[in-house]
Amino acid sequence: MSQTLVMRPERLFPASAPERAIAQRLFKLVENLPIISPHGHTDPQWFAQNANFANPTELLIQPDHYVYRMLYSQGHSLEVLGIPRADGSAAEVDPREVWRLFAENFYLFRGTPSAYWLNYVFNQVFGLECRLSAATADHYYDTINAALATDGFKPRALFERYNIEVLATTESPLDTLEHHQTILDSGWGGRVITAFRPDPVLDPAYEGFRQNLQQLSEITGLDCFNYAQYLEALRQRRSFFARMGATSTDHGHPTARTEDLSPVQAEQLFGRVTTGSPSEQDAELFRAHMLVQMAAMSLEDGLVMQIHPGAYRNHNAQIFGRYGRDKGADIPMSTDYVDALKPLLDRFGNESKLSIILFTLDETVYSRELAPLVGHYPTLKLGPSWWFHDSPEGMLRIRRATHEVAGFYNMAGFNDDTRAFLSIPARHDMARRMDCVHLAELVASHRLEEDEAAELAVDLAYNLAKAAYKL
Amino acid sequence: MSQTLVMRPERLFPASAPERAIAQRLFKLVENLPIISPHGHTDPQWFAQNANFANPTELLIQPDHYVYRMLYSQGHSLEVLGIPRADGSAAEVDPREVWRLFAENFYLFRGTPSAYWLNYVFNQVFGLECRLSAATADHYYDTINAALATDGFKPRALFERYNIEVLATTESPLDTLEHHQTILDSGWGGRVITAFRPDPVLDPAYEGFRQNLQQLSEITGLDCFNYAQYLEALRQRRSFFARMGATSTDHGHPTARTEDLSPVQAEQLFGRVTTGSPSEQDAELFRAHMLVQMAAMSLEDGLVMQIHPGAYRNHNAQIFGRYGRDKGADIPMSTDYVDALKPLLDRFGNESKLSIILFTLDETVYSRELAPLVGHYPTLKLGPSWWFHDSPEGMLRIRRATHEVAGFYNMAGFNDDTRAFLSIPARHDMARRMDCVHLAELVASHRLEEDEAAELAVDLAYNLAKAAYKL
Amino acid sequence: MSQTLVMRPERLFPASAPERAIAQRLFKLVENLPIISPHGHTDPQWFAQNANFANPTELLIQPDHYVYRMLYSQGHSLEVLGIPRADGSAAEVDPREVWRLFAENFYLFRGTPSAYWLNYVFNQVFGLECRLSAATADHYYDTINAALATDGFKPRALFERYNIEVLATTESPLDTLEHHQTILDSGWGGRVITAFRPDPVLDPAYEGFRQNLQQLSEITGLDCFNYAQYLEALRQRRSFFARMGATSTDHGHPTARTEDLSPVQAEQLFGRVTTGSPSEQDAELFRAHMLVQMAAMSLEDGLVMQIHPGAYRNHNAQIFGRYGRDKGADIPMSTDYVDALKPLLDRFGNESKLSIILFTLDETVYSRELAPLVGHYPTLKLGPSWWFHDSPEGMLRIRRATHEVAGFYNMAGFNDDTRAFLSIPARHDMARRMDCVHLAELVASHRLEEDEAAELAVDLAYNLAKAAYKL
C-alpha cells in the first residue's frame, strides 16, 4: 500500500488564508526566475565530461552527508552504506541494497529539509508519484536508474532544464581548473565558474599544509616557503581563477578572527608555521592575518570575499581517521564576529569597493552582531542561512532576526551551497517560498506594502545574489 | 464576584482554524495514552506509605520553587511563606494564611506554565470551577483540604487515576532505596522506579563531599578514599539501583565538560580532591573525568545516561545560607557542548549500545550544537525542553530549532522533571498539546503529511521516551 | 506617480482574524493612554527654549544614527549627509539635497522600525499622504519645513499634543541642568525630568576621564582625586539630580560586571585609575566596583538603577576618529549577567527597597539569564527590548522569551530611549500594538483570559513603567 507523493503548489506557505494568498501572489513573481547559484560544491567534472550519473545510491546517498549522517545517527554504519574511506577504498556494497536500507529508514527524515529536497527531486525530476518506503524501494531504484541512463538526465541537460543562469563551484588554489577549461572550450553555453578557496594553503592546521605549499610552489614557479613569494603566488592564483570566471573567494576558518600584523611580524609568523609543527595559537594567528591579506588582495582584484567560519571540522575522531573530511561530523561552535573582525574592519571596513559576505553557523549572532555590522559597514553584506540553518525554520529565523536592523539591501540573496546537484532547484524553490512567507508576514501585518514586497521578492530571489557576487 | 475557571478542550492550540483542526485531530490520538515519566523528583515515600497529603499549602506551595520564587521576586519573604530552612526548622505559619497570600498574588503567574499546571490541578483534579483570587482563597483551601483527606486523593490512587505507566524518582547512591523496596514489597501494581544520581559523590564541590564518600564506604564496605575501590563502589551501587528498577543515571554538573584521564592522572587527581579542599579547577576536572567513567560503566551495565548541565546552583548566597539548595535561585549559564563532550565522544560516541540523553538550559545550543550532535552521533539523543524552558513557548522553541537537523527520531520524548506530583498529568497534557501544535504547523504548511504527523504524535508522547529510557 | 501613505488602524496586528480581533479590542484600551517616557536622550534645551526646529534634514536625519547608518552602509558618506564632525565642524551641505538623497534611498528602510517611525511622523504628525520617494522629496521637504515654522510644531506644543505625562532626559553629573531649571522656572506644565548617567566619571576608559574628574571637583568643591571625596561628590550630584526631578540613574558599561571591593582595595584601585593610563583590567574592575557603589547609594537615596551593558562602543575606528561617539557604529557583544551580577546581588539582591532594571543587547540572555534572575531576585526588573531590538520582531522576541519565567509583573514596561523627539508617539504606538499582539496570541490560544490580558495591556503600556521608575 504505497502512499501518494505530491508536491502541493501551496507547500511551505502559511495555513492562514490572508497570508497564504499574499505568499502565493509573491511566489508567482519569482517561481520561474533563472537560478543564480554563486556558491556551492558540485563537481565541475560532471559538466566537463557530461557523462551519465551511475545509479541512485551513488548519486543521491553516498555523496550527501546530510543524508547518511542521519542514517549513521541511528546506528547504520558508513561501511554498510558504502561511503568511501579516506584511503579511497570502500566496502563492497550492492547499491540496490543500500537504497533499500535508505528507503526503509526514510521516515527518519520526516520534517527535515533533506526530505523536502529529496521528495522534490523524486517527484519533480523523476516523476515519482508514490512515497519512498520499504515497499517502493525497488520501484524507485528502477525508475531513477532508467532515467539516469538517458540523455535528458546528463549533467548539462539537467543544468539547462533547471534554468541555471550561473553556477559556481569551489576549488583550491592547487586545482588546475582543467574541468572548467574543458567546459569553456566545449562551446556549451552553460556558465559554470569557479571560486577561490585557499584554506589548504592558508591554514597551517589543514591536512598536508606543507605539502600544499610545496605544490603551490610547483604550480606557480615561486618559492612558497618565502613569505613574499607566497603572497605573490596567491595573487597569481587569484588572478588565474578570476580569468577562469571566478568572482569570489571563500574562507572556511574555524573562527572569524582577523589580525593585521606588521610585515616583520607576519614574516616571522610565516617562518614558524611553515617549519616544524605550528602551535594552535600560531595557526590561528596566521589564518587571522591571512584573512586581512585576502581582503587587501580583494580590494586590488575585485574578488568578493566570503567568510564562512564557526565549524568544528571533523568532530568525530574515529570517522575522520577512517573516512576523512566532510562526513557529516562538522559541528557548529559559538562564534564571535564583533571582536574578531575588528582588525579587518579597522583597515578596510569603510571601503565601498570591497565586498565581504558574512556567514554564520551560530544563530545567536544574527541579531546581536551581524545585522548591526552589515547595517553599518559599507564593505559588509549578510549571507543567507547556512548549512544546518538552510531549512524552512532556519530561513525564517535569519530573516526575522535581521531584516529590521540590517535592512534587506545589505543581504546577499540566497545560495544553495550544495554538493547535491540534483537538489539545486529544490533548494532555490524552498528559499524563494520561504522568502515569500516572510514577506507575506510583513505585508499581512502592514509592515510592508505588497508592491514593496513584490520588488523585494525578486531582489531576494535573483538581483541581490547577482549584485553581491558581481555576476 | 468570582470568575469561571475553565480548561477549554482547545487550549494551547493555535487560533488559526486549519491548524487548530489538525492539532485537535492529532491530540485525540495521544490524549489518553498512559503517562511515561522517566525523570522526576517526586518522593518515593509518598507511594511507599500512601498517606494522605497534609493541606493545600504543604502540598502545592511550600515544596514548589516554581511557585514561591515568583512570590519571593515580588517581595514576599520565604519566612512568611513557611519555607523550611536549611537546619530543618521553619517559621510557624498558618497554612491557610499562606494560601491566602498566594491567592491574592495569583495574578503574578499570568501567562506562566505554573498558572497552567495549577489551574489544571484545581479544575481537573479538585473540580474547582472558579478562578483563584483573594475572594476565593478560602473556598479553594477548604475544597482542596477536604479532598486531600479522602482515599481518592492518596498518592497511589492519584497515580492510578493519572494513568501513569511508569514513574522514575531520582536518588543519590547514598540512598538505601527503602521506600522503593517498600513499594516493591507492597504488592501494589504501580511501577515506581529510581534513577541513579551520583552528583553528591562525583562532585568535589558538593556539600559534604568527603562525608558522602565516607558514607558510601560504609554502605558498600569498600574504602572509597581509594580510587579503585571508589570506582568499584559506584559500580556496586549502580548495580543495586538497576536491580531496584533503575534504567538510567543522571548528572547535574555545572558544565558538560568531559575528560578522559589516564588511570595514573585520575588516581592523582582523586587524591587531590579527596584530601584538603580541592581547587575549582580540580573539582571541574574530576567531574569531567567521572562523566567518562560513568559512560564506561553505562556501556557495561546498560543504564541510560542523562546529562543535565548548565545551572549556576544556589546563586542567591543569602537564601542558600539560610534555606539551602533548590530554593528557586538556580540560574542557567551559557553552556558549551561541542568542545566539552569531545573527550567522551572520542571514546564512546560511536557506540550504538551506549545511550546518552542531553539536556540544556542554554537554548542557543539547540540549533548550533545539540541538533547537529544528536543528528550525527549514534550514542546521543536530545532530551526535551528543560526546567525554565518547560513551557508552551519553550517547547515550541526546542522543536522548531531542532527537528529539521536532529530529526524527530533522535529525540527522547517528554519528561516532566517535577517535584509536584499533582501536576504530572498537567505537564504531560501541555507537552502533548504543544507537540500537536508543532506537528500541526508542519502539516498545515505541507512539511509533513498528516499520517506522518499522527505517527510522530504518538512517538513523541509515548514511544520515544519508552525506548530512550529502555522502559 | 506617488503612492499613498496610509497608517492602517490594524497595522502590526496579526492577519489571522481571531487574533486580530482580540488585539484590536486590547489596543482600544491603551491607544490613548498618556505617554510615560522614563528613559531617553532628547535635548532638554528644546523644551527650555521652545524654539522652532530648523528643517527636515536637521530634525529627522542628521541627529538620528538609526537613519544615517543605513545610508552609510550603502556607501553614502557621512560628509555628504552633513553629519557634524568630532571637532564640531561639518561639511557644508544643502539640507534639501541631503533630504533628496534620503528620499531616493528610502526604500533601503523597507521593513525596518525606522520606516515605521518615520512614516508615522510623516503621516500622523505632518499629514503627508503619499510615500516618500525621489518623486515626492521636495513636496515632503516643503510640507515639513512649513509646518516646523509654525507654533504648533514647537517642542512644547508637540509635547502636549503627544500627551506625554512625563519625559526623562539623560545627563552626566557634569551637567548643570540649566535647561531643566529653565523649564521648572518657566511655569510650563510639561514634566521633563533628568536621569543621572555617571559613565563619564565612573569609567576610566571614557574620553577625558581625568578632566571629567577635574570638572566634577570644580562643580562640587570637593577633591575628586581623593576616593572618599569622589564618592561624596557623586552622592551630592545624585542628590542634586533627584531634587531636579530625577528618579533614576543609568549605567552604560561595556559589560554587566560588578565587584564589591574592600575600601582599601577600592582606594588603591582608584589611585591607579586616576593616575597615568589605567590598564583595561583596572578600568573594568573600577567600573564593576562603582556599580556596586551606585547600588549602595540607590539604597540610600531611592534612585532606580538602570544597567545598560553590552555595546562595543565606537566599533568603527575611522568614524570615531573623525566624527566621535554615537554615529551608528556601536555593535552589541555577547554579555554575561549570571556571573557578572553576582557580587552586586550577593550584597543587595534581597533588598526589596532597591530597584534595578536590567537591559540587554544580547537576546540569548532573555530566557537563559534575565528571566530567571528577575523571576527570583526582589531587586531586579526586566527592561524592554533595547535599541537594535526595539522593533516589532524584537518586542515579540523578548515577550515570548521571558513572560513565562519572569512573569509580566517583573517587567518595567516600555521606554523609547530615543533622541528623535518626533518619533516618541510612533514608538509607544508600536510598543503598545506589539504588546497587544503578544497578549492576543496568549488569549487566542487560551493561555490568558481576555480580562487578564486587558489588565496586562494597561499595565504594560502605563502602570509598570510608572511604578518601576517611581513616577
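Chains as they are written, first to last, in the working numbering: chain A, 1 to 471; chain B, 472 to 942; chain C, 943 to 1413.
C-beta atoms are modelled at their ideal positions from N, C-alpha and C, and glycine is treated no differently.
All values reported here derive from a predicted model rather than from experimental measurement.
Close to chain B, meaning a Cβ-Cβ distance shorter than 8 Å, is no residue of the stretch 1043-1074 of chain C at all.
Contact holds between the stretch 840-856 of chain B and the stretch 816-823 of chain B, because three or more Cβ pairs, one in each stretch, are under 8 Å apart. Collapsing the DSSP output to three states places residue 873 of chain B in a helix.
Each of A:158, A:90, A:164 and A:76 was checked against the Cα of residue 428 of chain A, and the nearest Cα belongs to A:164. When beta bridges are read from the DSSP output, residue 1113 of chain C appears opposite C:1138. The beta carbon of residue 340 of chain A lies closer than 7 Å to those of 255, 256, 257 and 258 in the same chain, with the five residues before and after it left out. Contact note: residue 934 of chain B does not reach chain A at a C-beta cutoff of 9 Å; the least C-beta distance is about 13 Å.
Under a criterion of Cβ atoms nearer than 9 Å, the residues of chain A adjacent to residue 1258 of chain C are, in order, 345, 346, 349, 350, 376 and 377. In the DSSP assignment, residue 777 of chain B forms a beta bridge with B:721 and B:828. For residue 1353 of chain C, the secondary structure class from DSSP, reduced to helix, strand or coil, is strand. Using a CB distance cut-off of 8 Å, residue 871 of chain B counts as an interface residue toward chain A. In the DSSP secondary-structure assignment, residue 508 of chain B is bridged to B:638. Here the stretch 170-182 of chain A makes no contact with the stretch 258-272 of chain A; the two share fewer than three CB pairs at distances below 8 Å. The Cβ atoms of residue 1187 of chain C and residue 1136 of chain C lie closer than 8 Å to each other. For the stretch 1373-1389 of chain C, the set of positions with a beta-carbon nearer than 7 Å to some beta-carbon of chain B reads 1384, 1386, 1387, 1388 and 1389 in chain order.
Residue 752 of chain B and residue 784 of chain B have their alpha carbons spaced roughly 17 Å apart. By the Cβ neighbour-count rule, residue 735 of chain B is exposed, with fewer than 16 other Cβ atoms within 10 Å of its own.
Leaving aside the five residues that flank residue 827 of chain B on each side, the residues in its chain whose CB is nearer than 6 Å to its CB run, in chain order, 776, 850 and 851. For residue 381 of chain A, the enclosing beta strand (DSSP E) has its first and last residue at 380-382.
Between residue 335 of chain A and residue 41 of chain A, the C-beta gap is not smaller than 8 Å, which leaves the two residues out of contact. For residue 1378 of chain C, the enclosing alpha helix (DSSP H) has its first and last residue at 1366-1386. DSSP links residue 783 of chain B through a beta bridge to B:802. Spatial neighbours of residue 343 of chain A in its own chain (CB-CB distance under 8 Å, excluding positions within 5 residues in sequence) are listed in chain order as 258, 259, 260, 288 and 292. Approximately 7 Å separates the beta-carbon atoms of residue 437 of chain A and residue 396 of chain A; this is inside 8 Å, confirming the contact.
Counting only Cβ-Cβ distances below 8 Å, residue 953 of chain C has contacts in chain A at 445, 446 and 447, in chain order.
Contact with chain A is found for residue 1274 of chain C, since one of that chain's Cβ atoms lies less than 8 Å from the residue's Cβ. In the DSSP assignment, residue 1162 of chain C falls within the alpha helix (DSSP H) that extends over 1151-1162. For residue 75 of chain A, the residues of chain B that pass the 7 Å Cβ criterion are 823 and 849, in the order they occur in the chain. Taking a beta-carbon distance threshold of 8 Å, residue 38 of chain A does not count as an interface residue toward chain B.
With a beta-carbon spacing of about 5 Å, residue 1063 of chain C and residue 1364 of chain C fall inside the 8 Å limit used to define contacts.
Contact with chain C is absent for residue 891 of chain B, since none of that chain's Cβ atoms lies less than 8 Å from the residue's Cβ.
In this structure the stretch 1043-1057 of chain C lies against the stretch 401-414 of chain A, because at least three pairs of beta carbons, one per stretch, are closer than 8 Å. When Cβ-Cβ separations below 8 Å define contact, residue 1014 of chain C makes contact with chain A. Out of C:1395, C:1000, C:1387 and C:1041, the CA that lies nearest to the CA of residue 1077 of chain C is found in C:1041. For the 8 Å CB-CB criterion, residue 327 of chain A and residue 65 of chain A form a contact. Beta-bridge pairing by DSSP links residue 475 of chain B to B:601.
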